[in-house]
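Let me begin by presenting the structure, written as structure tokens, before commenting on it.
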Amino acid sequence: MSPGSRGSSSHDDELRLPRPPGVLRRFWARHPVFADVLTALLCLAFSLVPATSFTDRLDEAVGIARLWPVTGPVVMVVVVLGCVSLLVRRRYPTVVFVGAVVVALAYLLAPLPTGGPMLGIAAYTLAVHRSVRSCMIGVGVGLGVIASVIAALAFTGEIGAAVAWNSLVSEALAALIGSLIGANVGNRQRYVSALIDRSRQLVVERDQQARLAAAAERDRIARELHDIVAHSLTVMVALAEGVAASNDIDRARPGATAIASTGREALRDMRATLGILRDDDDAPLAPVSRDTTVETVDSARAAGFDATLTVSGDRPALSSAVQLAISRIVQEGVTNAIRHSRGAERIDVRIAYRSDAVEVHVVDDGEPVVSAPTAPSGYGLRGLRERVVLAGGTVAAGPGPGRGWRVHARIPLEQENHER
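Given below as structure tokens:
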């Protein structure tokens with residue numbers, strides 16, 4: 008079994024399709040070869056049995072029908088070949104229909120009106136295994152050819168009126184009945200097949216959406232972990248270096264306490280972030296989006312920087328996405344200043360709440376840098392930009408006008424005002 012068939016089978020199992028109704032219909036569908044052989048044998052029987060009585064009634068024949076002892080074997084061969092062609096009717100429905108028309112024309116050589124079910128079976132096959140339009144065209148053209156030949160033979164006196172009318176009416180009725188049944192069955196099969204294909208497509212799309220959502224969630228968790236781990240470890244490293252450089256145990260004790268406090272905060276945030284990976288329904292869907300701006304500035308101050316926080320304007324009620332974005336902007340800016348700004352001593356954080364937006368500035372006074380303080384493949388400023396864009400804002404980072412590095416973000420509050 009190919010991988011594609013295994014995938015289709017798994018999708019069919021997932022669809023949980025109901026069992027098709029009807030014992031005979033299910034048996035017929037599961038054994039197409041047996042069905043075709045049985046159809047060909049029945050058609051052959053109904054087509055050849057009436058012809059056995061023609062030899063004794065040649066005195067009633069007219070025109071070319073008087074040659075039945077010569078043409079009879081040819082007609083029998085044509086009928087047999089036509090019935091045998093029913094074995095491949097599913098694969099070549101048009102060829103089988105053309106053969107049925109030829110068989111119907113061969114019946115005109117008989118001394119008496121006769122016929123068979125082959126044209127009806129061929130019309131049914133054309134409607135089911137091709138299309139209703141193909142069946143209508145085929146039946147129209149086939150009956151037109153039969154009617155033209157019958158009219159030509161009748162006007163020349165080669166066949167009698169009874170043979171002409173009976174042959175035309177019987178073949179037309181057989182083709183009409185086969186077409187109507189075939190159109191009904193074919194349209195139902197195509198409709199059910201379209202529904203099943205659409206259901207399979209929906210299952211595939213659902214799986215794709217689930218994979219995309221899982222990938223997006225993994226990326227979001229990676230950004231959260233980067234923000235937590237990068238900032239906390241940066242502060243802890245700076246504090247540890249200060250403790251190691253101090254020979255006074257009493258002066259080093261606050262730094263060690265700050266290291267422990269920062270580690271506990273990082274562990275708490277990581278547990279909240281990784282909690283969404285649990286399978287139980289009570290797991291939080293997102294990490295707690297608390298305001299960590301003050302803690303971030305305090306950690307920079309504890310690491311030995313002259314860090315200041317300035318907040319202006321009236322703080323509105325913010326959504327969790329905007330609040331988390333503000334906290335992460337400050338955290339990323341302060342972390343980059345601690346890690347990458349050479350000679351930086353001061354870090355200024357300014358948050359301005361305006362009527363239409365909130366603006367965040369993080370500026371340090373270190374030596375100017377040439378490139379962004381983050382690896383191209385990391386989650387630093389790239390993750391920060393994704394987070395701000397998700398909140399509907401913009402962010403810019405680059406060297407400041409004098410010294411140091413500057414991070415500026417603007418998040419509109421129109422959505423917040425509409426929500427309130």
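If you read the sequence shown in my numbering, its first letter stands for residue 8, the second for the next number, and so on.
Each residue gets a CB set at the ideal place from its N, CA and C atoms; glycine is no exception.
Does the distance from the CB of residue i to the CB of residue j come in under 7 Å?
i      : j      : result
Leu93  : Ala47  : yes
His136 : Pro100 : yes
Arg353 : Asp372 : yes
Thr303 : Val329 : no
Ala416 : Val402 : yes
Pro120 : Ala154 : no
Ala245 : Ala310 : yes
Ile418 : Val337 : no
Val152 : Ala190 : no
Ala404 : Val414 : yes
Ser177 : Gly122 : yes
From the options, pick the residue whose C-alpha is nearest to that of residue i; which is it?
i      : options                        : result
Ala158 : Val146, Ala309, Gly145, Asn173 : Asn173
Ala107 : Leu160, Ala179, Ala169         : Ala179
Thr132 : Leu274, Gln338, Ser186         : Ser186
Pro118 : Cys142, Val146, Val82, Val102  : Val82
Arg322 : Asp298, Leu219, Ser155, Ala403 : Asp298
Glu339 : Ala351, Thr317, Arg361, Val369 : Val369
Val494 : Val156, Arg97, Arg98           : Because the chain is modelled from 8 through 427, residue 494 falls outside the range shown and cannot be assessed.
Trp412 : Ala351, Ile418, Ala398         : Ala351
Thr78  : Ala42, Val95, Leu115, Gly407   : Leu115
Ser319 : Asn343, Tyr360, Ser348         : Tyr360
Cys142 : Arg32, Ala171, Ile184, Val176  : Ile184
Arg410 : Ser362, Val367, Ser348         : Ser348
Val44  : Ala263, Arg97, Leu55           : Arg97
Am I right that residue i and residue j are in contact with their C-beta atoms under 8 Å? What's the rounded C-beta distance?
i      : j      : result
Gly307 : Ile345 : Checking the sequence, you will find Ala at residue 307 rather than Gly. With 8 Å as the limit, Ala307 and Ile345 qualify as a contact, their Cβ atoms being about 6 Å apart.
Gly127 : Ala52  : Rounded, the Cβ-Cβ distance is 15 Å, inconsistent with contact.
Ala134 : Phe104 : No, Ala134 and Phe104 are not in contact; Cβ-Cβ is about 10 Å, not under 8 Å.
Leu316 : Val356 : 5 Å
Ala113 : Val85  : 4 Å
Looking only at its chain, what residues have a beta carbon closer than 7 Å to the beta carbon of residue i, apart from the 5 residues adjacent to it on each side?
i      : result
Pro124 : Cys50, Phe53, Ala181
Leu55  : Met83, Val86
For residue i, I'd like the list of residues in its chain whose CB is within less than 6 Å of its CB, leaving aside the five on either flank, ordered along the chain.
i      : result
Gly193 : Ala134, Val135
Phe3   : Only positions 8 to 427 of the chain appear in the structure, and residue 3 is not among them; the question remains open.
Who are the Cβ neighbours of residue i in its own chain at under 8 Å, not counting the five residues just before and after it?
i      : result
Gly400 : Ala332, Ala364, Ala416, Arg417, Ile418, Pro419
Val301 : Leu316
Trp35  : Ala42
Query raised in the report: Just checking, does the stretch 154-171 make contact with the stretch 206-219 on the three C-beta pairs under 8 Å criterion?
Result: In short, these stretches do not touch, since the Cβ pair count stays below three.
Report task. Please determine if the stretch 202-213 and the stretch 143-157 are in contact, where contact requires at least 3 C-beta pairs separated by less than 8 Å. Result -> Short answer: they don't touch.
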